[in-house]
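For the sequence shown, counting from 1, position 196 maps to 196 in the numbering used here; every step adds exactly one. The structure appears right after this line, and notes come after that.
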Amino acid sequence: MEFEAWWLLIPLGCFALGWFAARVDIRYVLRDARALPSAYFRGLNFLLREQHDRAVESFVDVSRRDPHALDLQLALGSLFRRQGRLGEATGIHQGLVDRHDLAKEKRELALFELAQDFHAAGLFDRAEAVYEQLTGSAYEAEAVTRLASVLEQEKAWDRAIAARERIQRLSGEPQGRYIAQYHCELAELALAAGDRATMQRHLDAAIENNRNVARAPLIAFAAAAKDGDKPAADSALAEVRRTRPELTVLIAADILTLYERDGNAAGAVEQLAAAQHEAPTALGLSRLIDASLKIEGRERAVARLRRELSVQPSAREATRLLELESARLEPAAAQTLAEVAQLLHRATDKTPGFHCGRCGFRAPRYYWKCPGCNEWESFRATPLGQ
Ligand SMILES: [Zn+2]
């Protein structure tokens, strides 16, 4: 009887032990769960009191206790960068990079973020060094793309070419149009330095990378015009008109000088007229009428302007017609016409010249890289009538 009673106590003891273990476990979980939010809130509190260094310390502490909080810090870091608070962003990302307990993939992500902080802060040499450290990582292709952008900003064209070639190898995305532009930058430097052989080498490389790069024949034209080499200038001009006829306006003055020097000024007007027919632009018409006035005289210039406006009406260019026509009227009528022209001009006034086809940035001069959106070759001569 005694023996049976003792056995009955065993399940009861097991139950008590289990209950105790469960209590300990629950208490442990609860303590941990309570500890994490308090660290979060402490960090947030420091943030609100603008004690950023202590906030970062708290968040680093949170992430040590809970690996999931790492994402919180990464989000916080990129948020700081987007707000332009680059010191804080760098502090968070550098703190993560310096940790030895991070998984390789997370450390690489932190490095990638840190490089972007340096990039945004204009610390190009440090950004470059960190982007390079990502070689062989999952972020390599993206890091090299951003590295190319840093090298562009530094005008380190040779290294930018190497970076673009790397991107091409890593991602399979063609980079020829960027490489062609970098070679054109180098060709322009060689042209300015009077080194024609280097210029030609870069122009050939530009065309090899992008057969339709209009900038290469524009540079070749500038060099030929400088040397007074009319056959070379003509062949470059033909290539400009094949690739981007509206960009003929960029060399209108040189075309006129070259043809005048050759005793064939009328030929320059014909070149500008042909380019204008291929791609009618406001600036192209303006340059054409300037050249026609100078070479062919007022009557023929007015006739050209009338013809062009009948094909493609443009209120802005119509003011020029009124101004030209007013010259042959008696003073009172001329005065009225001039006033109408002025009113019309004011009503249509916009920055004439060029605009970005991507972001709409307008400018009176041409940019190979848009200052608004940083896109290459997105600038267009504004079409007539716009
Ligand atoms: Zn743009």
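Beta carbons are placed, not taken as given, at the ideal position from N, Cα and C, and that holds for glycine. None of the values given here were measured: they were computed from a predicted structure.
Any non-hydrogen atom of ligand 1 closer than 8 Å to residue i Cβ
i, result
"Cys370", "yes"
"Arg358", "yes"
"Cys184", "no"
"Phe41", "no"
"Glu377", "no"
"Phe354", "no"
"Phe80", "no"
"Phe124", "no"
"Phe361", "yes"
Identity of the residue in the options nearest residue i by Cα
i, options, result
"Arg242", "Leu44, Ala216, Leu134 and Arg306", "Ala216"
"Arg328", "Arg298, Gly357 and Gln312", "Arg298"
"Leu114", "Ser286, Arg211 and Arg82", "Arg82"
"Leu96", "Glu88, Ala89 and Arg107", "Arg107"
"Pro390", "Val213, Asp61 and Ala225", "Because the chain is modelled from 1 through 386, residue 390 falls outside the range shown and cannot be assessed."
"Ala265", "Arg346, Tyr131 and Leu288", "Leu288"
"Ile295", "Ala268, Asp234 and Arg316", "Ala268"
"Leu72", "Ala55, Gly87 and Gly122", "Ala55"
"Met199", "Ala224, Tyr40, Leu170 and Thr382", "Ala224"
"Leu247", "Ala193, Glu325 and Arg365", "Arg365"
"Leu250", "Asp262, Ala232, Ser286 and Arg261", "Ser286"
"Glu105", "Leu218, Leu343, His277 and Gly136", "Gly136"
"Ala275", "Arg306, Glu239, Asp262 and Asp98", "Glu239"
"Gln342", "Glu330, Pro174 and Glu317", "Glu317"
"Pro426", "Asp262, Glu330, Val311 and Phe379", "The requested residue 426 is not part of the displayed model; the chain covers only 1 to 386."
"Arg65", "Asp254, Ser38 and Glu50", "Ser38"
"Ser171", "Ala143, Lys155 and Gly194", "Ala143"
"Cys356", "Lys155, Asp125 and Phe379", "Phe379"
"Leu293", "Pro231, Glu278 and Leu324", "Leu324"
"Gly194", "Arg211, Asn210 and Ala222", "Ala222"
"Gln175", "Glu278, Glu132, Arg306 and Ser149", "Ser149"
"Ala253", "Tyr131, Ala232, Lys226 and Glu173", "Lys226"
"Glu260", "Ala138, Glu278, Ser235 and Lys230", "Lys230"
"Leu344", "Gly360, Ser326, Ala315 and Pro331", "Ala315"
C-beta contact flag for residue i and residue j at 9 Å
i, j, result
"Ala291", "Leu256", "yes"
"Leu74", "Leu109", "yes"
"Leu258", "Gly228", "yes"
"Leu147", "Leu111", "no"
"Glu375", "Arg362", "no"
"Leu79", "Leu102", "no"
"Thr382", "Phe354", "yes"
"Leu321", "Leu309", "yes"
"Ala162", "Glu152", "no"
"Gly385", "Ala282", "yes"
"Ala59", "Leu86", "Note on identity: in this sequence residue 59 is Phe, with Ala being the wrong assignment. No."
"Glu388", "Arg196", "Since the first residue of the chain shown is 1 and the last is 386, residue 388 is not available in this structure."
"Gly91", "His52", "yes"
"Leu237", "Gln271", "yes"
"His202", "Ala192", "no"
"Glu154", "Phe124", "yes"
Neighbour flag for residue i against chain D, beta carbons, 9 Å
i, result
"Gln312", "The chain labelled as chain D is not found in the depicted structure, where only one protein chain is given."
Residue i CB to nearest heavy atom of ligand 2 below 8 Å
i, result
"Thr248", "Looking for ligand 2 in the displayed structure turns up nothing; the ligands present are ligand 1."
Would you be able to state if there are at least three C-beta pairs under 8 Å between the region 174 to 184 and the region 205 to 214? yes
Within the chosen definition, does the region 184 to 203 reach the region 163 to 171 through at least 3 CB pairs nearer than 8 Å? no
Any chance the region 115 to 126 sits against the region 316 to 335, with 3 or more Cβ pairs inside 8 Å? no
Can you list, in chain order, the stretches of the alpha helix (DSSP H) that have 4 or more residues and sit fully within the region 311 to 370? 315 to 326 and 331 to 348
Within the region 156 to 199, note down every full beta strand (DSSP E) run reaching 3 residues or more, in order along the chain. Within the region 156 to 199, no complete beta strand (DSSP E) run reaches 3 residues.
Under 8 Å, with one C-beta from each stretch per pair, do the region 358 to 376 and the region 293 to 310 reach the 3-pair mark? Contact between the region 358 to 376 and the region 293 to 310 is absent, because fewer than three Cβ pairs lie under 8 Å.
Where are the alpha helix (DSSP H) runs, 4 residues long or more, that stay fully inside the region 41 to 104, in chain order? 52 to 65, 69 to 82 and 86 to 98
Enumerate, from N- to C-terminal direction, the unbroken beta strand (DSSP E) stretches of 3 or more residues contained entirely within the region 251 to 305. none
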